[in-house]
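K.L.:
I'd like to ask you about the structure that follows.
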Amino acid sequence: MQNKSKNLHEAKKNKNDEFYTQLSDIENELKHYKEHFKDKVVLCNCDDPLASNFFKYFFLNFKHLKLKELICTCYKSQNFREISQEDSPQKAYAIRIYRDCNLSPNLEQIQKVLSLSLSCREKQSQKTLDNFEKNKHKLKNSLKILKSDADKTSLFGVYEDEGLGNAGDFRSKDCIELLKHSDIVVTNPPFSLFREYVALLMQHKKKFVIVAHQNAISYKEIFKYIKTNEIWLGYGFKGGAAHFINYHYEDYATANDHREGMIRVSGVIWLTNLNHKKRTELLETIHSYAKNPDKYPKYDNYDAINVNKTAEIPLDYDGVMGVPLTFLDKHNPQQFEIVALGIVGSCEFSCEKKMEILDKNGNRTGKFTINAKGTLYRKWDKRLDKKPPAFRNCETGELYQSIYARILIRPQSAKNKGK
-11 MQNKSKNLHE AKKNKNDEFY TQLSDIENEL KHYKEHFKDK VVLCNCDDPL
39 ASNFFKYFFL NFKHLKLKEL ICTCYKSQNF REISQEDSPQ KAYAIRIYRD
89 CNLSPNLEQI QKVLSLSLSC REKQSQKTLD NFEKNKHKLK NSLKILKSDA
139 DKTSLFGVYE DEGLGNAGDF RSKDCIELLK HSDIVVTNPP FSLFREYVAL
189 LMQHKKKFVI VAHQNAISYK EIFKYIKTNE IWLGYGFKGG AAHFINYHYE
239 DYATANDHRE GMIRVSGVIW LTNLNHKKRT ELLETIHSYA KNPDKYPKYD
289 NYDAINVNKT AEIPLDYDGV MGVPLTFLDK HNPQQFEIVA LGIVGSCEFS
339 CEKKMEILDK NGNRTGKFTI NAKGTLYRKW DKRLDKKPPA FRNCETGELY
389 QSIYARILIR PQSAKNKGK
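Numbering follows the numbering used here, in which position 6 of the sequence shown is assigned residue number -6; successive positions increment by one, without gaps.
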């Protein structure tokens, strides 16, 4: 696990975090948004058309989804399996496929190139799938090399990169022009550039379905949109983890979860601003605050109770509750209001206490902090806490437990009661 974490950290550090999403995961998520794609221009702006399963999904479902246009762009082509390194020295490519037969390349032309005929059904024939895999290298003649120019837009101009270094980057001029032209963006953006990526989508008011890591929820640049119901979670990956195709790192998954040529990443989610049915489902639990108040201790520095698991949310409590980030997977905005993120800068703490930081065994370190490093905390209780305390009150000697990232929520029903 330590080696796995180290490699993931290096991926972020080196901006080399290209985790290719499996087709099955894409299919399992996007089947819930079919009605949104009709007559729309879809952009996959972090996707090599010759390697991306996002391109494969949307091309094979072009007729089924009734797309108007499909666009894919990539920063540097990584696909040396179908195109030799000599022919494709990691250039930035793009492809546009139109429904309109008066434009080129259109869907009919691309079908001829690939020697296949797409069906309007959800599932394509095995012959169609086989021909796609066998002939997709022929798409290279339909690709355009992207060049980003500092002074002018060179949309699909066939130029060499000239060492500018950002051709095909989603922030480049060409790609932003394509973003403006699109209706819905669907991709797996680089985790290391996630803040910038989402900021660009929101700036241009685009609809999207994108892969993210759960930690992104706690970024202030992302959480502000979640709080205001401008971004929410999709249906998600099974078990909250996904296997990604990655050519740079070996798989550190356990033996019974090992998949050749892939890396397992936990805490992976889909973020979107497209409505889906799951978002209207009510959370139902059997837990009661009135019957078991000791199970829900209050924070010392914020007027709220702590809830360890989403399934343990007491539906008879009208005040503010601190719940795990995974709550968002069950969040219905008609049932709960998101108040804040339980960290400094997102919520106002009610007290300022000087504390000594304790080590992992609960021993004193001689190092000090204010307000538990800017997180929610409560008194340490040996009956409830399996881990040693994390902080010691310098004035009273009381012991405290820091609470991992919490979302502060309040039942919408509380508004009707004047609270």
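Beta carbons: idealized from backbone N, C-alpha and C, even for Gly.
Can you tell me which of Pro302, Lys318, Cys382 and Leu313 puts its alpha carbon nearest to the alpha carbon of Gly354?
P.N.:
Looking up residue 354 in the sequence shown gives position 366. Across the set Pro302, Lys318, Cys382 and Leu313, the C-alpha of Cys382 shows the shortest separation from the C-alpha of Gly354.
K.L.:
Using beta-carbon positions only, say whether Tyr213 and Ile219 come within less than 7 Å of one another.
P.N.:
For this step, residue 213 is matched to residue 225 along the sequence shown. For this step, residue 219 is matched to residue 231 along the sequence shown. Going by C-beta atoms, Tyr213 is nearer than 7 Å to Ile219.
K.L.:
Hey, quick one: how far does the alpha helix (DSSP H) through Ser12 stretch, first residue to last?
P.N.:
Counted from its first residue, the sequence shown places residue 12 at position 24. Unbroken alpha helix (DSSP H) run through Ser12: Leu11 to Leu18.
K.L.:
Specify the secondary structure class of Val279 as computed by DSSP and reduced to three states.
P.N.:
Taking the first residue of the sequence shown as position 1, residue 279 is located at position 291. Checking the displayed sequence, the identity of residue 279 turns out to be Lys instead of Val. Note: Lys279 maps to coil in three-state DSSP.
K.L.:
Sorted by chain position, which residues of the same chain lie with C-beta nearer than 7 Å to Tyr284's C-beta, five sequence neighbours on each side aside?
P.N.:
Counted from its first residue, the sequence shown places residue 284 at position 296. Excluding sequence neighbours, Tyr284 sits near Tyr277, Ile293, Asn294, Val295 and Pro302.
K.L.:
Hey, how far is the Cα of Leu104 from the Cα of Asn49?
P.N.:
Walking along the sequence shown from the start, residue 104 turns up at place 116. Walking along the sequence shown from the start, residue 49 turns up at place 61. The straight-line gap from Cα to Cα measures roughly 13 Å.
K.L.:
Whose C-alpha, out of His24, Asp118 and Thr9, is nearest the C-alpha of Asn261?
P.N.:
What you label residue 261 is simply residue 273 of the sequence shown in a count that begins at 1. Of the listed residues, the one whose Cα sits closest to Asn261 is His24.
K.L.:
Start and end of the beta strand (DSSP E) containing Tyr223?
P.N.:
The residue labelled residue 223 in the question sits at position 235 within the sequence shown. Premise fails: Tyr223 is in no beta strand (DSSP E) and is neither H nor E.
K.L.:
Run the CB neighbour count on His192, radius 10 Å, all protein chains shown included, and call it buried at 16 or more, exposed below.
P.N.:
Position 204 of the sequence shown, counted from the start, is the residue given in the question as residue 192. Answer is exposed; the Cβ neighbour count stays below 16.
K.L.:
Where Tyr388 and Lys168 are concerned, what is the direct C-alpha to C-alpha distance, given to the nearest angstrom?
P.N.:
Numbered from its first residue, the sequence shown carries residue 388 at position 400. Numbered from its first residue, the sequence shown carries residue 168 at position 180. Roughly 50 Å separates the two Cα atoms.
K.L.:
How about Leu364 and Arg394: do their beta carbons lie closer than 7 Å?
P.N.:
Walking along the sequence shown from the start, residue 364 turns up at place 376. Walking along the sequence shown from the start, residue 394 turns up at place 406. Closer than 7 Å, so yes.
K.L.:
Kindly indicate which residue of Ala82, Tyr8 and Gln97 has the alpha-carbon position closest to the one of Cys89.
P.N.:
Numbered from 1 along the sequence shown, position 101 holds the residue referred to as residue 89. Residue Gln97 is the option with its Cα nearest to Cys89.
K.L.:
State the CB to CB distance for the pair Cys335 and Leu396, rounded to an integer number of angstroms; the pair is presumed to be in contact (CB under 8 Å).
P.N.:
As a working note, residue 335 is residue 347 in the sequence shown. As a working note, residue 396 is residue 408 in the sequence shown. The C-beta separation of Cys335 from Leu396 comes to about 6 Å, placing the pair in contact by the 8 Å criterion.
K.L.:
Hey, how far is the Cα of Lys257 from the Cα of Gly228?
P.N.:
Within the sequence shown, numbered from 1, the residue matching residue 257 stands at position 269. Within the sequence shown, numbered from 1, the residue matching residue 228 stands at position 240. According to the sequence provided, residue 257 is Ile. The question's Lys does not apply to it. Cα to Cα, Ile257 sits roughly 7 Å from Gly228.
K.L.:
With burial defined as no fewer than 16 other Cβ atoms inside 10 Å of the residue's Cβ, what is the status of Gly310: buried or exposed?
P.N.:
The residue labelled residue 310 in the question sits at position 322 within the sequence shown. By the 10 Å Cβ count, Gly310 comes out buried.
K.L.:
Rounded C-beta distance between Val199 and Asn176? I'm assuming under 8 Å.
P.N.:
Residue mapping note: residue 199 aligns to position 211 of the sequence shown, counting from 1. Residue mapping note: residue 176 aligns to position 188 of the sequence shown, counting from 1. Going by Cβ atoms, the distance from Val199 to Asn176 rounds to 4 Å, so yes, they are a contact pair.
K.L.:
Quick one: using the 10 Å Cβ neighbour count with 16 as the cut-off for buried, is Gly385 buried or exposed?
P.N.:
Counting from one through the sequence shown, the residue named residue 385 turns up at place 397. Flag for Gly385 reads exposed.
K.L.:
Got a sec: does the ligand MG put a non-hydrogen atom nearer than 6 Å to the Cβ of Val256?
P.N.:
Only the bare structure without any ligand can be found here, which leaves the ligand MG out of the picture.
K.L.:
Among Tyr305, Asn349 and Thr9, which residue has its Cα nearest to the Cα of Cys32?
P.N.:
As a first step, residue 32 is located in the sequence shown; it is residue number 44 there, counting from the start. Measuring from the Cα of Cys32, the nearest candidate turns out to be Thr9.
K.L.:
Just verifying my parser: in three-state terms, what is the DSSP assignment at Gln99?
P.N.:
Stepping through the sequence shown from its first residue, residue 99 is reached at position 111. It is helical.
K.L.:
Run through DSSP, which three-state label would Ser334 get?
P.N.:
Position 346 of the sequence shown holds residue 334. In this structure, Ser334 counts as coil in the three-state DSSP scheme.
K.L.:
Excluding the 5 residues flanking Ala243 on each side, which residues of the same chain have their C-beta closer than 6 Å to its C-beta?
P.N.:
Within the sequence shown, residue 243 is the residue found at index 255, counting from 1. Residue confidence is low: Ala243 scores 37 on pLDDT, short of 50, so the model does not pin down where it sits. No coordinate-derived value is stated.
K.L.:
Quick check on Thr216: does DSSP put it in helix, strand or coil?
P.N.:
Indexing the sequence shown from 1 puts residue 216 at position 228. Correct three-state label for Thr216: coil.
K.L.:
Near Ser390, which residues of its chain fall below 8 Å by C-beta distance, leaving aside the five closest residues on each side in sequence?
P.N.:
One-based indexing of the sequence shown puts residue 390 at position 402. The answer, listed in chain order, is Ala360, Lys361, Thr363, Leu364, Tyr365, Ala378 and Phe379.
K.L.:
Measuring straight from C-alpha to C-alpha, what distance separates Asn123 and Asn129?
P.N.:
As a position in the sequence shown, residue 123 is number 135, starting the count at 1. As a position in the sequence shown, residue 129 is number 141, starting the count at 1. Cα to Cα, the separation comes out at about 12 Å.
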